[in-house]
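Report on the following structure.
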Amino acid sequence: MKNQISYLGLILLVVTVAHAKERPEVKGSMQQMFNSLLNLQPFLASPEKFSNPKNSEIIRKDLNRLATFKHVFPKEMKNEEPGIFAISRMFHETIEDARERFKKGNYDYSRHRLRTATAFCFSCHSRVPSEKNFEDLQKRVEASQLTTFEKADVFAATRQFDKALKAYTDLLTVVPKTSMDVVEYTRSLRRALSITVRVKQNPKETLELIDSVTQRKDLPEFILRLAQQWRKDAQYWMDDKLTDKKMPPEELVDKAKKLIERAEKLQSFPADENGDISYLRASNYLHEALDESPQSKSRTEALYLLGVAYSALQDPTLWDLDRLYFESCIREAPHTDFAKKCYQRYSEKVYMGYTGSAGTFIPDDEQRRLEELRKLSDNQAKSG
Ligand code: HEC
624 MKNQISYLGL ILLVVTVAHA KERPEVKGSM QQMFNSLLNL QPFLASPEKF
674 SNPKNSEIIR KDLNRLATFK HVFPKEMKNE EPGIFAISRM FHETIEDARE
724 RFKKGNYDYS RHRLRTATAF CFSCHSRVPS EKNFEDLQKR VEASQLTTFE
774 KADVFAATRQ FDKALKAYTD LLTVVPKTSM DVVEYTRSLR RALSITVRVK
824 QNPKETLELI DSVTQRKDLP EFILRLAQQW RKDAQYWMDD KLTDKKMPPE
874 ELVDKAKKLI ERAEKLQSFP ADENGDISYL RASNYLHEAL DESPQSKSRT
924 EALYLLGVAY SALQDPTLWD LDRLYFESCI REAPHTDFAK KCYQRYSEKV
974 YMGYTGSAGT FIPDDEQRRL EELRKLSDNQ AKSG
């Protein structure tokens, strides 16, 4: 009997672990998302086509398909990685909003929302390193009418990272002229860096990418300054001793903690981008720790540090992600020192978000949540 139970336990263990790693249903849905995204691209690129009643049936169909995404990552995943669950929720809300507005005929708004949705695809796929690219045998992105910049984004969104990196680096060879060019240029640079740092975890490629920018004479001062700052951090990475060994979760979290401490020292004000490469690297280690061992001893610390890293990185698409990590940290480990630290960061962010020239105004529901989290974080009070 005893043997039978442990055998059953073993099977369960194997099944859950396999489930966490390989989800065949995820792959299937993702390929469907890829198709829908590609079907929509020509319409997204053209306001006329997007609002033409002739096309509304086709567009609606793909919007409906994208909206089924909610079911790809079940709620239980929240207990493993609250971030992936949060991103999938934000993505779903974006699609739902675009779908509603499309129904009402607010085409410009809807189109704009959909164009930003690809950023969620990229955020999710670049959390952890990946050696394999998604192979689109029909080369549908290449064959499309999109601009190089749009193609680069679609490659990045659909896990065709080598092609995305190539497209972004091509874009970096130009001289940006208008302010729109500068926006696209810095975005391409950031995206390319996310790929060399997080997806490829390659310090040499990162440094080469940065140098291809710092060595230029024809770029705006502000871009050069940004790249110069990143260069120091990339050089530090080159000198870092790295192992190919898989690190246990405690080691991954410890490594991330050291990188974040270093990055915080590099920053002279909260939105300072000096430490970005260290923060990106740290987020990588932390995601890996949570994915590989969701229930390790270091879990609460990992949640706290992920909040810190995403606060510093200030990705406009994921503006709320830091708060979600802090909230998970408080709820999962109430009345602990980490809960207290997480609450401190959480409330700072809320106060900052609701403070304007007219003072601080926090809506009632947010006030209630703050109070609830404050109680949970109090490490003097007895739990229960
Ligand atoms: C909440 C996280 C998340 C979001 C958002 C997301 N994906 Fe994915 N995607 C995954 C995961 C997890 C995998 C499978 C594991 C892996 O290989 O990383 C995957 C794999 C893929 C693949 C490869 C499938 C294969 O056969 O190997 C494609 C293509 C893809 N996604 C497209 C998209 C597109 C397009 C979007 C946005 C419209 C998107 N994904 C949004 C998490 C996400």
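Counting from 624, one number per residue, gives the positions in the sequence shown under my numbering. Just so it is clear, CB atoms sit at the ideal spot from N, CA and C, and this is done for glycine as well.
Cβ neighbours of residue i in the same chain (closer than 7 Å, five flanking residues each side left out)
| i | result |
| --- | --- |
| methionine 700 | Ile707 and Phe708 |
| valine 973 | Ile985, Glu989 and Leu993 |
| serine 970 | Leu993 |
| aspartate 785 | Asn756 |
| cysteine 747 | Ile707 and Ile710 |
| leucine 812 | Leu795 and Val836 |
| phenylalanine 714 | Phe692, Ala740 and Phe743 |
| aspartate 793 | Thr771 |
| alanine 879 | Ala905, Tyr908, Leu909 and Leu928 |
| serine 659 | Asp685, Arg688 and Leu689 |
| methionine 656 | Leu689 and Phe692 |
Residue i, DSSP secondary structure in three states
| i | result |
| --- | --- |
| glycine 728 | coil |
| glycine 979 | strand |
| glutamine 1003 | coil |
| alanine 643 | The pLDDT assigned to alanine 643 is 42, lower than 50, so where the model puts this residue is not dependable; a value taken from the coordinates is nonetheless given after this. If DSSP states are grouped into helix, strand and coil, alanine 643 belongs with the helices. |
| threonine 959 | coil |
| asparagine 825 | coil |
| alanine 695 | A quick correction: the sequence has valine, not alanine, at residue 695. Looking at valine 695 - three-state DSSP - the assignment turns out to be coil, as it is neither helix nor strand. |
| alanine 668 | coil |
| proline 986 | coil |
| serine 749 | coil |
| glutamate 995 | helix |
| asparagine 702 | helix |
| asparagine 687 | helix |
| leucine 635 | Its pLDDT being 37, under 50, leucine 635 is placed unreliably in this model, and the coordinates cannot settle the point. |
| asparagine 675 | coil |
| lysine 625 | Because lysine 625 sits at a pLDDT of 42, beneath the cut-off of 50, its placement in the model cannot be relied upon, and the following sentence gives the value as read from the coordinates. DSSP places lysine 625 in helix when its eight states are reduced to three. |
Cβ distance (whole Å) where residue i is taken to contact residue j below 8 Å
| i | j | result |
| --- | --- | --- |
| glutamine 858 | glutamate 896 | Actually they do not touch by this definition, with Cβ atoms about 16 Å apart. |
| serine 835 | leucine 795 | 7 Å |
| serine 921 | glutamate 873 | 5 Å |
| glutamine 664 | leucine 769 | 6 Å |
| aspartate 720 | arginine 736 | 6 Å |
| threonine 983 | threonine 739 | Not quite, the Cβ-Cβ distance comes to about 28 Å (not below 8 Å), so this is no contact. |
| tyrosine 948 | tyrosine 966 | Not a contact, Cβ separation roughly 12 Å. |
| isoleucine 833 | arginine 854 | 5 Å |
| glycine 930 | aspartate 945 | 5 Å |
| proline 871 | glutamate 703 | With 8 Å as the limit, proline 871 and glutamate 703 do not qualify as a contact, their Cβ atoms being about 17 Å apart. |
Sequence-distant residues of the same chain with beta carbon closer than 6 Å to residue i, five excluded per side
| i | result |
| --- | --- |
| leucine 661 | Arg763 |
| alanine 962 | Ile953, Ala956 and Ser1000 |
| serine 802 | none |
| alanine 775 | Ala787, Ala790 and Tyr791 |
| valine 876 | Ala912, Ser921, Glu924 and Ala925 |
| aspartate 782 | With the sequence shown as reference, residue 782 is identified as arginine, and aspartate is not the correct amino acid for it. Correct list, in chain order: His748 and Phe757. |
| glutamine 824 | Pro752 |
| valine 798 | Asp841 |
| methionine 975 | none |
Same chain, Cβ closer than 8 Å to residue i, neighbours up to 5 away in sequence not counted
| i | result |
| --- | --- |
| glutamate 828 | Thr819 |
| leucine 882 | Ser901, Tyr902, Arg904, Ala905 and Tyr908 |
| alanine 894 | Gln937 |
| proline 670 | Tyr730, Asp731 and Arg734 |
Beta carbon proximity, residue i to chain D, threshold 8 Å
| i | result |
| --- | --- |
| phenylalanine 673 | In the structure shown, chain D cannot be found, because there is only a single protein chain. |
Residue i: CB within 7 Å of a non-hydrogen atom of ligand 3
| i | result |
| --- | --- |
| threonine 781 | Of the ligands one can find in the structure shown, namely ligand 1, none is ligand 3. |
Of all the alpha helix (DSSP H) runs that stay within the bounds of the stretch 751-815, which reach a length of 4 or more residues? 763-766, 771-780 and 784-794
Entirely within the stretch 838-896 and at least 3 residues each: give me those beta strand (DSSP E) ranges in chain order. none
Output the residue ranges of the alpha helix (DSSP H) runs that lie fully inside the stretch 889-945 and measure 4 residues or longer, sorted by chain position. 899-915 and 922-936
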